[in-house]
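Student: Dropping a structure here in structure tokens format, bear with me for questions.
Number of protein chains: 2
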Amino acid sequence: MKNKSTFAPMRKIRVFAPATVANMGCGFDIMGMTLDAVGDVLSVEIGEGDDLKIINKSKQSLPDDIEQNVITPAVRAFVAAYGVPMDITVTVEHKIAPGSGIGSSAASSSAAVYALNELLDHPFTDERLVEFAMEGEKLISGGTPHADNVGPSILGGVVLLRGYDPLDVVRLPVPGRFCCAVAHPDIMVSTREAREVLPKEIPLRLAVKQWGNVAGLVAGLAEGDVALIGRSMKDVVVEPYRKHFIPGFDELRNKVLEVGALAMNISGAGPSVFALCDNMTLADKVGEVMKAHFLQYNIDSRIYVSKISNRGARTLADYNFEG
Amino acid sequence: MKNKSTFAPMRKIRVFAPATVANMGCGFDIMGMTLDAVGDVLSVEIGEGDDLKIINKSKQSLPDDIEQNVITPAVRAFVAAYGVPMDITVTVEHKIAPGSGIGSSAASSSAAVYALNELLDHPFTDERLVEFAMEGEKLISGGTPHADNVGPSILGGVVLLRGYDPLDVVRLPVPGRFCCAVAHPDIMVSTREAREVLPKEIPLRLAVKQWGNVAGLVAGLAEGDVALIGRSMKDVVVEPYRKHFIPGFDELRNKVLEVGALAMNISGAGPSVFALCDNMTLADKVGEVMKAHFLQYNIDSRIYVSKISNRGARTLADYNFEG
Chain E
1 MKNKSTFAPM
11 RKIRVFAPAT
21 VANMGCGFDI
31 MGMTLDAVGD
41 VLSVEIGEGD
51 DLKIINKSKQ
61 SLPDDIEQNV
71 ITPAVRAFVA
81 AYGVPMDITV
91 TVEHKIAPGS
101 GIGSSAASSS
111 AAVYALNELL
121 DHPFTDERLV
131 EFAMEGEKLI
141 SGGTPHADNV
151 GPSILGGVVL
161 LRGYDPLDVV
171 RLPVPGRFCC
181 AVAHPDIMVS
191 TREAREVLPK
201 EIPLRLAVKQ
211 WGNVAGLVAG
221 LAEGDVALIG
231 RSMKDVVVEP
241 YRKHFIPGFD
251 ELRNKVLEVG
261 ALAMNISGAG
271 PSVFALCDNM
281 TLADKVGEVM
291 KAHFLQYNID
301 SRIYVSKISN
311 RGARTLADYN
321 FEG
Chain P
1001 MKNKSTFAPM
1011 RKIRVFAPAT
1021 VANMGCGFDI
1031 MGMTLDAVGD
1041 VLSVEIGEGD
1051 DLKIINKSKQ
1061 SLPDDIEQNV
1071 ITPAVRAFVA
1081 AYGVPMDITV
1091 TVEHKIAPGS
1101 GIGSSAASSS
1111 AAVYALNELL
1121 DHPFTDERLV
1131 EFAMEGEKLI
1141 SGGTPHADNV
1151 GPSILGGVVL
1161 LRGYDPLDVV
1171 RLPVPGRFCC
1181 AVAHPDIMVS
1191 TREAREVLPK
1201 EIPLRLAVKQ
1211 WGNVAGLVAG
1221 LAEGDVALIG
1231 RSMKDVVVEP
1241 YRKHFIPGFD
1251 ELRNKVLEVG
1261 ALAMNISGAG
1271 PSVFALCDNM
1281 TLADKVGEVM
1291 KAHFLQYNID
1301 SRIYVSKISN
1311 RGARTLADYN
1321 FEG
């Protein structure tokens, strides 16, 4: 940690933290990638005192009790490590729909700790910020915290969480043509529920298949080989248990592969799905196929078509310093 | 397959196929790397007819029944795909000790199919040669064939077997400073025995840890980050079951890490162990520590200190064409 800066009695910043796709098919709990232009916008204000307030100005409903908001444990972890109490007011201006499976909780906690680090002149490294934001993930996952959404939301790009003890965050290169279509169907699957369907033990044979794919995915990223990435983005371990939350999952995959997507998988714990594409025109088309698919089941969906971005959490220029 | 060349009534070649380290710690059944200057030397002679002979001129004892020799199914698979019967005489001139855990069977079958492909003017790709050589591995593993030794023995470097259906062989870059010390203690562990101790199911939690390490290993190779490779070369799935075959395994690892090795693991199914080092001087020192360790247990060992080589099977120049 760098020296603590004395902070002005009132300072404010407005930040954005992007939505993210965790797991990326085979990389359950260890990988995530960053979307472009969809995410949370927070204003964070600090001053003297020792109080935390969270104000919701977004269209999403958030828990009234701040103890149930992921921002709270993340901010508390930051302040505890910083060692100086302060008044903090977080205003949630824009929020990804909770339960979307594109890292909605991670975007909030990432944005909050990123904002504090900016306001206090960067006392912590990005890796430490990931650790603080993970406290938010702990709250919603009901146990072991994961960093496969907060990692990319803070750092951007594709992020590998090699291990957690100690946390080992590795940023992987993102091939230029790497983009995807994400559909967030209007159904609710909680992260906790999605965790509970998983078996405690898996066949060694399937585990080997999965880590062969993980190796192929990382090699494909390193070599910019989008076809290899596509071949490797297969989840033989977790998907069989989770795909039942998503109406017509196998049928949808067949449809999007048919129009040219390289792979389709569940995003994070679902219910969002994402399809890897090697160009944006195709991704747009795939998005339409996804939209039409869910409508067949009388389910509306939000479609995001996005390049995979190298940028993570960032300051929004329009009111960087307010007196 | 290219057009079949008509071959002279008698042609002969002498080839070398290197020893290999399969698994590389975390990459059980999916990765292997190629050693330098240790391996099998075979002479292969073809002519008209339909007979296979294997002559052993090496110091190792080989089965009298050629049906029990790994060379046989590999050669037969090659000839079946080639579609023209021929007389084949394989002379084993030099052989890695069987049961060494550095791909002794793979070196033989790789050398044999490589030699035939050279003699017949390359009818097959390297990937097809890997498939033929895998038939030899099938014989000794008593079931599912693996390519984590034959892959690197034929192609050289670090080889990833992403999947087997269809076979997906990916060559990974080898960092310049990447070298290792291997100790082959004079104890016998069969591949079959080493397979039989493995559980059919493993905890999902451990599988995730393993594929985090696999991802770190591949990322480390891609970025030439030897420290990341070292941190990632940890096997939490298979090693706990196999290390008991190797006297004082944990103690030995502590010793070699203390002198500066980056990681130590079982090579393939054992009983050989290998330690990753970032320079040859250190690898020499680690080799001595290994030798002394096994002597404490009254076990002699062969020590190999080697860079990881980018060269796989190759023709030895000294009698390329004999009349």
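Residue numbers (the numbering used here), protein chains in the order written: chain E, 1 to 323; chain P, 1001 to 1323. Positions of the beta carbon are idealized from the N, C-alpha and C atoms, including for glycine.
1) With 16 as the cutoff for other CB atoms within 10 Å, does Pro-9/E come out buried or exposed?
2) Grouping DSSP H, G and I as helix and E and B as strand, with all else coil, what is Asp-1087/P?
3) In the DSSP assignment, what are the bridge partners of Phe-16/E?
4) Under DSSP, the beta strand (DSSP E) around Ser-1306/P begins and ends at which residues?
5) Does any CB atom of chain P fall closer than 7 Å to the CB of Arg-128/E?
6) Looking at the C-beta of Ile-202/E, does it have a partner C-beta in chain P at a distance below 7 Å?
7) In whole angstroms, give me the CA-to-CA distance for Gly-1224/P and Arg-231/E.
8) What would DSSP say about Met-1280/P, mapped onto helix, strand or coil?
9) Please state if the CB of Val-21/E and the CB of Met-33/E are separated by a distance shorter than 7 Å.
10) Here's the rule I'm using: 16 or more other beta-carbon atoms within 10 Å means buried, otherwise exposed. How should Ala-67/E be labelled?
11) Measuring only between beta-carbons, confirm whether Val-90/E sits less than 7 Å from chain P.
12) In or out: Ala-207/E buried (at least 16 other Cβ within 10 Å) or exposed?
13) Could you tell me the distance, in whole angstroms, from the CA atom of Phe-1274/P to the CA atom of Met-1024/P?
14) Over the uninterrupted beta strand (DSSP E) stretch that includes Arg-1162/P, give me the two end residues.
15) On the three-state DSSP scale, how would you describe Arg-11/E?
16) Using a C-beta cutoff of 7 Å, does Asp-278/E count as contacting chain P?
17) Determine the chain E residues that contact Gly-1027/P at a beta-carbon separation under 8 Å, and present them in chain order.
18) Which residues of chain E have a Cβ atom closer than 7 Å to the Cβ of Asp-1148/P, listed in chain order?
19) Answer with buried or exposed for Ile-102/E, where buried requires no fewer than 16 other C-beta atoms within 10 angstroms of its C-beta.
20) How about Ile-30/E: is its C-beta nearer than 7 Å to some C-beta of chain P?
21) Taking a Cβ distance cut-off of 8 Å, strictly less, list which residues of the stretch 1231 to 1254 of chain P are near chain E, in chain order.
22) Measure from the C-beta of Pro-9/E to each C-beta in chain P and report whether the shortest distance is under 7 Å.
23) Using three-state DSSP, classify Val-1182/P as helix, strand or coil.
24) Going by DSSP, what residue range makes up the beta strand (DSSP E) through Lys-243/E?
25) Grab me the residues of Pro-1073/P's own chain with a C-beta within less than 7 Å of its C-beta, minus the 5 sequence neighbours each way, in chain order.
26) Is the stretch 1055 to 1062 of chain P touching the stretch 1177 to 1190 of chain P, taking contact as three or more C-beta pairs under 8 Å?
27) Between which two residues does the beta strand (DSSP E) carrying Arg-1171/P extend?
28) How would you list, in chain order, the residues of chain P whose beta-carbon sits under 8 Å from the beta-carbon of Leu-172/E?
29) Find the residues of chain E that neighbour Asp-1168/P, judging by a C-beta separation of less than 9 Å, and give them in chain order.
30) Do Ala-1181/P and Ala-1037/P count as a contact pair if the criterion is CB distance below 7 Å?
31) How would you write the range of the alpha helix (DSSP H) that Pro-203/E sits in, first residue to last?
32) When DSSP labels each residue in this structure, what does Glu-1093/P get in the three-state scheme?
Tutor: Put simply:
1) As a working note, residue 9/E is residue 9 in the first sequence. Because the pLDDT at Pro-9/E is just 49, under 50, the model does not fix this residue reliably, and the value given afterwards should be weighed accordingly. An exposed status is given to Pro-9/E, since fewer than 16 other beta-carbon atoms sit within 10 Å of its beta-carbon.
2) As a first step, residue 1087/P is located in the second sequence; it is residue number 87 there, counting from the start. The DSSP-derived three-state label of Asp-1087/P is strand.
3) One-based indexing of the first sequence puts residue 16/E at position 16. Per DSSP, Val-41/E and Arg-314/E.
4) Position 306 of the second sequence, counting from 1, holds the residue named residue 1306/P. First-last of the beta strand (DSSP E) with Ser-1306/P: 1301 to 1307.
5) Here residue 128/E corresponds to residue number 128 of the first sequence, with the count starting at 1. Closer than 7 Å: no.
6) The residue given as residue 202/E occupies position 202 in the first sequence. Yes, because at least one Cβ of chain P sits closer than 7 Å to the Cβ of Ile-202/E.
7) Indexing the second sequence from 1 puts residue 1224/P at position 224. Indexing the first sequence from 1 puts residue 231/E at position 231. The straight-line gap from Cα to Cα measures roughly 24 Å.
8) Here the question's residue 1280/P lines up with position 280 in the second sequence. Looking at Met-1280/P - three-state DSSP - the assignment turns out to be helix.
9) Locating residue 33/E in the first sequence gives position 33, where the first residue counts as 1. Locating residue 21/E in the first sequence gives position 21, where the first residue counts as 1. A contact, by the Cβ cut-off of 7 Å.
10) The sequence position of residue 67/E within the first sequence is 67, counting from 1. The question names Ala, but residue 67/E is Glu in the sequence shown. Glu-67/E is exposed by the Cβ-count criterion.
11) Reading the first sequence from its first residue, position 90 is the one you call residue 90/E. Not one chain P Cβ lies under 7 Å of Val-90/E.
12) Working through the first sequence from its first residue, we reach residue 207/E at position 207. Counting C-beta atoms within 10 angstroms of its own C-beta, Ala-207/E has 16 or more neighbours from the protein chains shown and is therefore classed as buried.
13) Working through the second sequence from its first residue, we reach residue 1274/P at position 274. Working through the second sequence from its first residue, we reach residue 1024/P at position 24. Using only the alpha carbons, I get a separation of about 9 Å.
14) Within the second sequence, the letter at position 162 stands for residue 1162/P. Here the beta strand (DSSP E) through Arg-1162/P covers 1158 to 1164.
15) Translated into the one-based positions of the first sequence, residue 11/E becomes position 11. Three-state DSSP puts Arg-11/E in a strand.
16) As a working note, residue 278/E is residue 278 in the first sequence. Not closer than 7 Å to any Cβ of chain P, the Cβ of Asp-278/E fails to qualify, so no.
17) The count along the second sequence starts at 1 and reaches residue 1027/P at position 27. Trp-211 and Ala-215, listed in chain order.
18) On the second sequence, position 148 is the one that residue 1148/P refers to. Residues of chain E passing the Cβ test: none, with the nearest at roughly 10 Å.
19) Sequence index remark: in the first sequence, residue 102/E carries index 102 (1-based). Ile-102/E comes out buried.
20) Locating residue 30/E in the first sequence gives position 30, counting from the first residue. Closer than 7 Å: yes.
21) Arg-1231, Ser-1232 and Val-1237
22) Position 9 of the first sequence, counted from the first residue, corresponds to residue 9/E. Because Pro-9/E sits at a pLDDT of 49, beneath the cut-off of 50, its placement in the model cannot be relied upon, and the point is left open.
23) As a working note, residue 1182/P is residue 182 in the second sequence. Three-state result, Val-1182/P: strand.
24) The sequence position of residue 243/E within the first sequence is 243, counting from 1. Here Lys-243/E belongs to no beta strand (DSSP E), and DSSP marks it neither H nor E.
25) Start at 1 with the first residue of the second sequence, and residue 1073/P comes out as number 73. Counting only Cβ-Cβ distances below 7 Å, and skipping sequence neighbours, we find Glu-1135, Gly-1136, Lys-1138 and Leu-1139.
26) Below 8 Å, too few C-beta pairs join the stretch 1055 to 1062 of chain P and the stretch 1177 to 1190 of chain P to call them touching: fewer than three.
27) The residue you call residue 1171/P lines up with position 171 of the second sequence. Taken as a continuous stretch (DSSP letters only), the beta strand (DSSP E) holding Arg-1171/P covers 1167 to 1172.
28) By 1-based counting over the first sequence, the position of residue 172/E is 172. Chain P residues near Leu-172/E: Ala-1219.
29) Counting from 1 along the second sequence, the entry for residue 1168/P is found at position 168. Here the neighbours are Gly-212, Gly-216, Leu-228, Arg-231 and Ser-232.
30) Stepping through the second sequence from its first residue, residue 1037/P is reached at position 37. Stepping through the second sequence from its first residue, residue 1181/P is reached at position 181. For Ala-1037/P and Ala-1181/P, no; Cβs fall outside 7 Å.
31) For this step, residue 203/E is matched to residue 203 along the first sequence. Taken as a continuous stretch (DSSP letters only), Pro-203/E belongs to no alpha helix (DSSP H), being part of the beta strand (DSSP E) at 201 to 203.
32) Sequence index remark: in the second sequence, residue 1093/P carries index 93 (1-based). Glu-1093/P falls in the strand class under three-state DSSP.
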